[in-house]
Amino acid sequence: MAATTELISALLLFLLICSSDISSGEKTRRPEPCKRLVLYFHDILYNGKNAQNATSAIVASPAWGDKTTLAAPNRFGDVVVFDDPLTLDNNFRSAPVGRAQGFYLYDKKEILTAWFGFSFVFNSTRLKGAINFAGADDIMKNTRDLSVVGGTGDFFMTRGLATLTTDAFEDDRYFRLRVDVKLYECF
Amino acid sequence: MAATTELISALLLFLLICSSDISSGEKTRRPEPCKRLVLYFHDILYNGKNAQNATSAIVASPAWGDKTTLAAPNRFGDVVVFDDPLTLDNNFRSAPVGRAQGFYLYDKKEILTAWFGFSFVFNSTRLKGAINFAGADDIMKNTRDLSVVGGTGDFFMTRGLATLTTDAFEDDRYFRLRVDVKLYECF
Amino acid sequence: MAATTELISALLLFLLICSSDISSGEKTRRPEPCKRLVLYFHDILYNGKNAQNATSAIVASPAWGDKTTLAAPNRFGDVVVFDDPLTLDNNFRSAPVGRAQGFYLYDKKEILTAWFGFSFVFNSTRLKGAINFAGADDIMKNTRDLSVVGGTGDFFMTRGLATLTTDAFEDDRYFRLRVDVKLYECF
């Protein structure tokens, strides 16, 4: 029974793909980015004792969770608000060139996955404006892509991808993401 | 007094529409989708007793709500995180071809309306990548549109619309949405 | 030591900007909006006593917060769901021409900043559809820009910017935003 269902699903999926555009060869012909920047952001989660250092905090959790401990299993349902420093290298103590601000939420019981809505906010003499991101983060993969859904200031109306790599992941309280921002629409 | 205010509002709105581009005839000349796919997603809300089957959970609620019961009136203020199976037909037991992951929140006291931020995530040999969605869901209407704000992998840089239909809605604990994804920008 | 770090950061940032496209002169050549509309939205936060008038409610807060009082410092971590009336002028009693629906969250401890995900929803004989927004709101600035990430109905597939101005800000319970929506992609 389950096998039949899977067979039918495979067939339907095959038809689905065929009925969409046939230009599968074109998928690899991606344009070159018109702008590219690599930044790191550093997230220190509030655990009830580190109010001075924390850059993020759990603000919502499922019925079985609380706001100073990440929920089990796999943090499912925890929503975190963050204001993380953005640096040009992977050194937490480097001078920030901007902030990553917004939220992420953990959304799977079986493994670690997250969904992000946030912005890189720049406000220096060299760089002004914001890049706005949204998308799913399949954390257990080496690299994964979010969408750049818009931008303001120096990033007016931009679109593109952000490729995330987990650069460090320590004791549930600190992580560092390398973000390779590739913009394909620039103005 | 209220009548005067309404009259002025109507006049201002008329001016607003006139001052925007006059190409109202063009509104109907929508392009054809470059890709189209129809999927169903199935949401089973955690109610305190169904941890095994639940695919979603209330993680935030207003002061008068809690996390195992939908708030009254009209669930206003409840935020739900979900990891729902995506199927090609409306059978909950069909083999999933992907997951719908993210959140929705109920945002009106008078009737049921919601706001969604989520992704369709594909990770099979046939289909890889994600489609990212955002927008308002006017639940009481037969069909309503969200925005496709970006995509990754096989859906690199896509944009478009997702037309939602409530395919089933049972006892506050299960709903099934039919999602007709029409992509107008493909790469 | 800190000075060296800053120097290196400045140098890296300089290289970063140089390595992106050199068309800095083009930044000022922004296109003209294809459509523009100015609207006001009015937010009255639930405080435990104003259930009749409130248009928004705190639904999540950090460990040190609650749902009827804005958290200190600077409301960091509070998440608010809203269904606010949209008017054509700054009079709260004007007839609404639509609703602003979605959420905002406060995301900085040192000053007031927020992140928004929401829609303008129109459902009149004159105007139908939605405009979907996402982005960072640097509240202490006179004006700041969010992204228009998509639209439906009369705003099919649109993109652009929304320039926010705080038009009123009263006793932590009411604010009014002027939103100048400039659309650069119309269909």
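Residue numbers (our numbering), protein chains in the order written: chain G, 37 to 223; chain S, 37 to 223; chain X, 37 to 223.
For each residue, glycine too, the CB sits at the ideal point set by N, CA and C.
It should be emphasised that the depicted structure is a prediction, and the values quoted were computed from it without experimental measurement.
Distance check for residue j and residue i, CA to CA, integer angstroms please.
i, j, result
"F50/X", "V74/X", "For F50/X, the predicted model reports a pLDDT of 49, less than 50, meaning its position is unreliable; a value from the coordinates is still stated below. If I take the Cα positions, the gap works out to 37 Å."
"G171/S", "V215/X", "18 Å"
"Y76/S", "P132/S", "10 Å"
"L182/G", "F118/G", "17 Å"
"A108/X", "G84/S", "32 Å"
"L122/S", "L213/S", "10 Å"
"A96/G", "L106/G", "10 Å"
"V184/G", "R72/S", "22 Å"
"F205/S", "A136/S", "17 Å"
"F223/X", "G196/G", "21 Å"
"R162/X", "G187/G", "30 Å"
"N110/S", "D208/S", "11 Å"
"T104/G", "N159/X", "42 Å"
"R180/S", "I167/X", "13 Å"
"M176/G", "S130/S", "26 Å"
"I147/X", "D120/S", "37 Å"
"I58/X", "V116/X", "With a pLDDT of only 34 at I58/X, under 50, the local geometry of the prediction cannot be trusted, and the value read off the model is given with reservation. I58/X and V116/X: Cα-Cα distance of roughly 41 Å."
"W100/S", "W100/X", "18 Å"
Using 8 Å for Cβ pairs, my map puts residue i next to residue j. What's the rounded Cβ distance?
i, j, result
"A150/X", "F169/X", "In fact, because the Cβ distance is near 12 Å, the residues do not count as touching under 8 Å."
"G134/G", "F154/G", "Going by Cβ atoms, the distance from G134/G to F154/G rounds to 12 Å, so no, they are not a contact pair."
"Y140/G", "F152/G", "5 Å"
"G138/G", "D174/X", "Incorrect: roughly 13 Å between the Cβ atoms, too far for contact."
Does the separation of the CB atoms of residue i and residue j fall below 8 Å?
i, j, result
"K218/S", "P69/S", "yes"
"N178/X", "T201/X", "yes"
"F112/S", "K145/S", "yes"
"P67/S", "Y220/S", "yes"
"S92/G", "D79/G", "yes"
"I94/S", "D125/S", "no"
"D203/G", "G165/G", "no"
"L81/G", "A90/G", "yes"
Taking only beta-carbon atoms, is residue i less than 8 Å away from chain B?
i, result
"G113/S", "Protein chains in the displayed structure are G, S and X, and chain B is not among them."
Which partner residues does residue i have in the DSSP bridge list?
i, result
"R72/S", "K218/S"
"R209/X", "Answer by DSSP bridge pairing: none, since R209/X is not bridged."
"A87/S", "DSSP output for A87/S lists no bridge partner at all."
"S155/G", "Q137/G and N168/G"
"L225/S", "This structure cannot settle anything about residue 225/S, because the visible part of chain S is limited to 37 through 223."
"D173/G", "A150/G"
"D79/S", "F211/S"
"A99/S", "Paired residues: none, contrary to the question."
"T188/S", "A166/S"
"S92/X", "L81/X and F118/X"
"R195/G", "E221/G"
Does the beta carbon of residue i fall short of 7 Å from some heavy atom of the ligand ZN?
i, result
"N86/S", "Of ligands this structure carries none, so the ligand ZN is not represented either."
- request: Let me know the beta strand (DSSP E) ranges lying completely inside the region 103-133 of chain S, each 3 residues or longer, listed in chain order.
  value: 115-123
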